[in-house]
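A.B. asks: What follows is a structure written as structure tokens; I'll ask about it next.
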Amino acid sequence: MKASYNWLETYVKPDLPAQELAQRFTAVGLAVDAVTAADGDFIFDFDLTTNRPDALCHFGLAREAAVLTGTRLSFPDIHLTEQAVSGGPAVHVQIAAPDLCHRYAARLIQGVRVGPSPDWLVRRLAAVGQRSINNIVDVTNFVLLELGHPLHAFDFERLAGRRIVVRTANPGETLVTLDGVQRTLTPDMLMICDAERPVAVAGVMGGAESEISVATTQVLLESAWFTPSTVRRTARQLGLHTEASRRFERGADFENVRRAIDRCAQLIVEVAGGVVVGGPVDVIARTRTPHTVRLRHARIAALTGVEVTPSRAADILTGLGFELVTEDEGESEWIVPGFRVDVSIEEDLIEEVVRHVGYDAIPATLPGWNDAGGYLPGEEKRRTLRQTLLAHGFHEAISFSWCSGETLAATGAPGGRRIANPLDQQENELRTSLLPGLLTAVARNFRFGTEDVRLFEMGKVFHTVDGQLTEKECLALATAGRAMPEDWRGQPAAESFHTLKGMLELLCDAVRCPAVTIAAPAADSAVTGFLPGQVALLQIGGQPVGRLGRVSQALAAHFDFKLPVYVAELELATLLSGATTFSAYRPLPRYPRVERDISALFDATLPLAGIQDFIGSLAIPELEQVRLRDIFTGAQIPAGQRAITLNLWYRAADRTLTDEEVSERHRQVVEALCAHLGATIR
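Just so you know, we're using full-length UniProt numbering here: the sequence shown kicks off at 1 and counts up by one.
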């Protein structure tokens, strides 16, 4: 919000340079981003928090300045000469939606002359970035910026039936607003209507059919209090955010309704002539009980460490508009003014006192702590997972929690909950998978020329279960390009299905979780987003936790990938809270191992893990380890088979094995592979 220094001086004489006053405002929580000199004036650019609607006007800021500088606050006297009217009120007001409109006041002014505003009014508005329209509209804008209460002026002769009805819109009703746009209304929108039709969107904008024009001679002024939620909802649905809605949706002052309309009527008579007909029609549908808050003086020091005398605290609160009700020894009770919607409990009163005493008066001490620190559940394992991934060349990606439904469908993830008011209309669903954001990061790396990519993301995904939104924490990995400069054969090693699977096994080992295993999808099922034949379902302890594989051609085309990309995604619940395996230590071996190789043809569909598990099931005590040495496929290998070379380690704990013993154990393995797995020794 912009505020004028000269305008503030009409209510308070701060006797401070503009720059110093701006620093004082900022120190008490009303941040001033900039002070600009303009035409013998200084313009403050405030960055106010949403809980301070009382500061969205010059008088509200002057109230703060008066307390800051210890000067007196004053407001021009409001004097109205009202012309008596016979036969009842000049206008009838009916509130048909009392839950949405608690108070509505109206005043009629006859004999006005619509024209240009006087210079003082034009200069006041121009100083804060408002253009002059005409003297009637300019006065309503002036009072809005002066008192913070929005008002609206109708051409009374254009209102049917000399009536105002505050009601919700009927199905199918429309209204052309002052910006010339025809708005389609819904039954949950609060409208200001005459006897026949809507004439304004309550708290947001007036209608074009009843706007003030040069032909207007009778003006009906409106001042009201609408529930913040209905104004906020209507403004969002219509995409129509105005200075009025900005204040109403934060909470207007119920008690300011009468003062604002009287001030506006006074100024209209001064700048446009005319007479005020009768008294105000002030309809109150819901009364307001003043809210009181108790303040225990000892709590100020106990909560903040700041020593404030009771008289100093009382002066601050009184200056800010709070009214003292009772005062006993050590405590007092205060009525909260209607414009302070942010004050409801004792701590709020303490904050008001301390911010004007000065936040720098708070001693720099740490609160006492008698407990021991520690990680939140699962946090130690999360850190271990991150450290392991970083140590193996991965970089962490952080993406938004929303994405497009099209991208979710392309990755094979279920559709997400739609966002009612998304930042980007194309990305309007909560993510049910981390893959859309991670693959977007891979695509960005490719566009900037980085082809060797290792990324991971740890975050929440959102699913709807029985109508309720639930969260799941997941981990996703993506690799592309080269895994390392060269492999054990001296050749560049490309990222592959196997390197990513090995990384998952390392992660399980790092957090001492049962190793991840893979299972092939059913022969007749395709996993969306993955290349057939290069996709697997991940399991830990027999429980499905995710998927792993190469990105399909369709998904690669969606992101414009030119290189193979491998991804894995798994739920973290099992890794973070599952059973923990403990390491069993044993002495270093005293006797040498003997290595033997087996090179054989196996069925191509037989997984390597199955071969290793089978050899382990033979329970040969001297067989220490089974390692993969090579896999070969080609024209020389029969169709449907592949050549696998295994390296076996033999060792005894109590002696050195003889060649005969090793050969015997090795023969048992070879014969078992041939008999049970159909292996053909090469």
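Even for Gly, the Cβ is constructed at its ideal location relative to N, Cα and C. Just so you know, these numbers come straight off a predicted model, no measurement behind them.
Bridge partners for Ala37 per DSSP, in chain order?
C.D. replies: One-based indexing of the sequence shown puts residue 37 at position 37. Looking at the DSSP assignment, Ala37 forms a beta bridge with Phe42.
A.B. asks: Given that a residue counts as buried once 16 or more other Cβ atoms are within 10 Å of its Cβ, and exposed if not, what is Met484?
C.D. replies: One-based indexing of the sequence shown puts residue 484 at position 484. Burial call: exposed.
A.B. asks: If you check the beta carbons only, do Phe456 and Leu439 fall under 8 Å apart?
C.D. replies: Locating residue 456 in the sequence shown gives position 456, where the first residue counts as 1. Locating residue 439 in the sequence shown gives position 439, where the first residue counts as 1. No, these two residues do not count as a Cβ contact at 8 Å.
A.B. asks: Looking at C-alpha atoms only, which residue of Asn134, Cys101, Gly416 is the closest neighbour of Gln468?
C.D. replies: By 1-based counting over the sequence shown, the position of residue 468 is 468. Minimum Cα distance to Gln468 is reached at Gly416.
A.B. asks: Which ranges would you report for the beta strand (DSSP E) in the stretch 537-567 if only whole runs of at least 3 residues count?
C.D. replies: Within the stretch 537-567, the complete beta strand (DSSP E) runs of at least 3 residues are 543-551.
A.B. asks: Taking only runs that begin and end inside the UniProt domain "FDX-ACB" (589-682), name each unbroken alpha helix (DSSP H) of 4 or more residues, in chain order.
C.D. replies: Listed in chain order, the complete alpha helix (DSSP H) runs (minimum 4 residues) inside the UniProt domain "FDX-ACB" (589-682) are 608-617, 659-677.
A.B. asks: Would you mind reading off the limits of the alpha helix (DSSP H) that contains Asp509?
C.D. replies: Taking the sequence shown and counting its residues from 1, one reaches residue 509 at position 509. Where Asp509 is concerned, the enclosing alpha helix (DSSP H) stretches over 497-510.
A.B. asks: May I ask you to report which of helix, strand or coil DSSP gives Asp119?
C.D. replies: Residue numbering aside, residue 119 sits at position 119 when the sequence shown is read from its first letter. In the structure shown, Asp119 sits in a helix (DSSP, three-state: H, G or I).
A.B. asks: For Leu434, collect the residues of the same chain with a Cβ closer than 7 Å to its Cβ; drop the 5 residues on either side in sequence, then sort them by chain order.
C.D. replies: Residue mapping note: residue 434 aligns to position 434 of the sequence shown, counting from 1. If we look at Leu434 and ignore the five residues flanking it on each side, its Cβ neighbours are Glu457, Gly459, Val461, Cys474, Ala476, Glu569.
A.B. asks: Smallest Cα separation from Thr230: which of Ala200, Ala244, Met189?
C.D. replies: One-based indexing of the sequence shown puts residue 230 at position 230. For the residues Ala200, Ala244, Met189, the minimum Cα distance to Thr230 belongs to Met189.
A.B. asks: Rounded to a whole number of angstroms, what is the C-alpha to C-alpha distance between residue 763 and Ile398?
C.D. replies: Residue 763 cannot be examined here, being either before or after the span of the chain that is shown, 1 to 682.
A.B. asks: Roughly how many whole angstroms lie between the Cα atoms of Leu220 and Arg158?
C.D. replies: As a position in the sequence shown, residue 220 is number 220, starting the count at 1. As a position in the sequence shown, residue 158 is number 158, starting the count at 1. Rounded to the nearest angstrom, the two C-alpha atoms are 10 Å apart.
A.B. asks: With distance defined between alpha-carbon atoms, name the residue in Thr50, Asn51, Ala65 nearest to Phe44.
C.D. replies: Within the sequence shown, numbered from 1, the residue matching residue 44 stands at position 44. Per the Cα distances, Ala65.
A.B. asks: So, is Phe632 buried or exposed, given that buried needs 16 or more other C-beta atoms within 10 angstroms?
C.D. replies: Position 632 of the sequence shown, counted from the start, is the residue given in the question as residue 632. So Phe632 ends up on the exposed side.
A.B. asks: Taking Cβ to Cβ, would you say Val139 is nearer than 8 Å to Val271?
C.D. replies: Indexing the sequence shown from 1 puts residue 139 at position 139. Indexing the sequence shown from 1 puts residue 271 at position 271. Yes, the Cβ-Cβ distance between Val139 and Val271 is below 8 Å.
A.B. asks: For Leu48, collect the residues of the same chain with a Cβ closer than 7 Å to its Cβ; drop the 5 residues on either side in sequence, then sort them by chain order.
C.D. replies: Counting from 1 along the sequence shown, the entry for residue 48 is found at position 48. Closer than 7 Å at Cβ, skipping near neighbours: Met1, Leu30, Ala55, Leu56.
A.B. asks: Could you tell me whether the Cβ atoms of Gly405 and Thr528 are closer together than 8 Å?
C.D. replies: Along the sequence shown, one-based indexing puts residue 405 at 405. Along the sequence shown, one-based indexing puts residue 528 at 528. Not in contact: Gly405 and Thr528 (Cβ atoms no closer than 8 Å).
A.B. asks: Cα separation between Gln83 and Glu222?
C.D. replies: Within the sequence shown, residue 83 is the residue found at index 83, counting from 1. Within the sequence shown, residue 222 is the residue found at index 222, counting from 1. Roughly 19 Å separates the two Cα atoms.
A.B. asks: Using the C-alpha atoms, what's the distance from Glu622 back to Met503?
C.D. replies: Numbered from its first residue, the sequence shown carries residue 503 at position 503. Numbered from its first residue, the sequence shown carries residue 622 at position 622. One C-alpha to the other measures close to 29 Å.
A.B. asks: Would you kindly work out how many angstroms separate the C-alpha atoms of Phe154 and Ser210, rounded to a whole number?
C.D. replies: Numbered from 1 along the sequence shown, position 154 holds the residue referred to as residue 154. Numbered from 1 along the sequence shown, position 210 holds the residue referred to as residue 210. Cα to Cα, the separation comes out at about 6 Å.
A.B. asks: Distance, Cα to Cα, Ala372 vs Arg382?
C.D. replies: In the sequence shown, residue 372 corresponds to position 372, counting from 1. In the sequence shown, residue 382 corresponds to position 382, counting from 1. Going by the C-alpha atoms only, they are around 20 Å apart.
A.B. asks: Between which two residues does the alpha helix (DSSP H) holding Thr574 run?
C.D. replies: For the purposes of this step, residue 574 is identified with residue 574 of the sequence shown, where counting begins at 1. Looking at the DSSP string, the run of the alpha helix (DSSP H) that includes Thr574 is 573-577.
A.B. asks: Which one of Ala260, Gly207, Tyr650, Val201 has the shortest CA to CA distance from Asp77?
C.D. replies: Residue mapping note: residue 77 aligns to position 77 of the sequence shown, counting from 1. Among Ala260, Gly207, Tyr650, Val201, the Cα nearest to that of Asp77 belongs to Ala260.
A.B. asks: Indicate the three-state DSSP secondary structure (helix, strand or coil) for Ser311 in the structure shown.
C.D. replies: Against the sequence shown, residue 311 aligns to sequence position 311. The answer is helix: DSSP assigns Ser311 an H, G or I state.
A.B. asks: So the candidates are Glu333, Leu80, Ala285; which of them puts its Cα closest to the Cα of Gly273?
C.D. replies: Mapped onto the sequence shown, residue 273 falls at position 273. Closest option to Gly273, Cα to Cα, is Leu80.
A.B. asks: CA-CA distance, Val306 and Glu327?
C.D. replies: Against the sequence shown, residue 306 aligns to sequence position 306. Against the sequence shown, residue 327 aligns to sequence position 327. Distance between the alpha carbons of Val306 and Glu327 is about 21 Å.
A.B. asks: Are Val662 and Ile598 touching if we call contact CB-CB under 8 Å?
C.D. replies: What you label residue 662 is simply residue 662 of the sequence shown in a count that begins at 1. What you label residue 598 is simply residue 598 of the sequence shown in a count that begins at 1. Their beta carbons are not under 8 Å apart, which means Val662 does not touch Ile598 by this criterion.
A.B. asks: Report the option in Leu563, Ala420, Gly449, Thr407 whose CA atom is closest to the CA atom of Arg431.
C.D. replies: Working through the sequence shown from its first residue, we reach residue 431 at position 431. The residue with the shortest Cα to Cα distance from Arg431 is Thr407.
A.B. asks: Mapping DSSP to helix, strand and coil, what is Trp7?
C.D. replies: The residue labelled residue 7 in the question sits at position 7 within the sequence shown. The answer is helix: DSSP assigns Trp7 an H, G or I state.
A.B. asks: Out of Ile335, Gly251, Ile109, state which residue places its alpha-carbon closest to the alpha-carbon of Arg52.
C.D. replies: If you number the sequence shown from 1, residue 52 lands on position 52. Out of Ile335, Gly251, Ile109, Gly251 has the C-alpha closest to the C-alpha of Arg52.
A.B. asks: Quick check on this structure: which residue in Arg642, Gln543, Val442 has the alpha carbon closest to the alpha carbon of His558?
C.D. replies: As a working mapping, residue 558 is identified with position 558 in the sequence shown. Out of Arg642, Gln543, Val442, Val442 has the C-alpha closest to the C-alpha of His558.
A.B. asks: Report the rounded CA-to-CA distance for Thr470 versus Glu346, giving the unit in angstroms.
C.D. replies: The residue given as residue 470 occupies position 470 in the sequence shown. The residue given as residue 346 occupies position 346 in the sequence shown. Taking the straight line joining both Cα atoms gives about 36 Å.
A.B. asks: Could you please give the first and the last residue of the uninterrupted beta strand (DSSP E) stretch that includes Asp328?
C.D. replies: Here residue 328 is taken as the residue at index 328 of the sequence shown, counted from 1. Taken as a continuous stretch (DSSP letters only), the beta strand (DSSP E) holding Asp328 covers 323-328.
A.B. asks: Distance check for Gln543 and Val336, CA to CA, integer angstroms please.
C.D. replies: Walking along the sequence shown from the start, residue 336 turns up at place 336. Walking along the sequence shown from the start, residue 543 turns up at place 543. When rounded, the distance between both Cα atoms is 58 Å.
A.B. asks: For the beta strand (DSSP E) containing Val219, list its first residue and its last residue.
C.D. replies: What you label residue 219 is simply residue 219 of the sequence shown in a count that begins at 1. Where Val219 is concerned, the enclosing beta strand (DSSP E) stretches over 218-226.
A.B. asks: Please name the residue, chosen from Pro116, Val166, Tyr585, Ala38, that lies closest to Ala97 on a Cα-to-Cα basis.
C.D. replies: Position 97 of the sequence shown, counted from the first residue, corresponds to residue 97. The shortest C-alpha separation from Ala97 is found at Val166.
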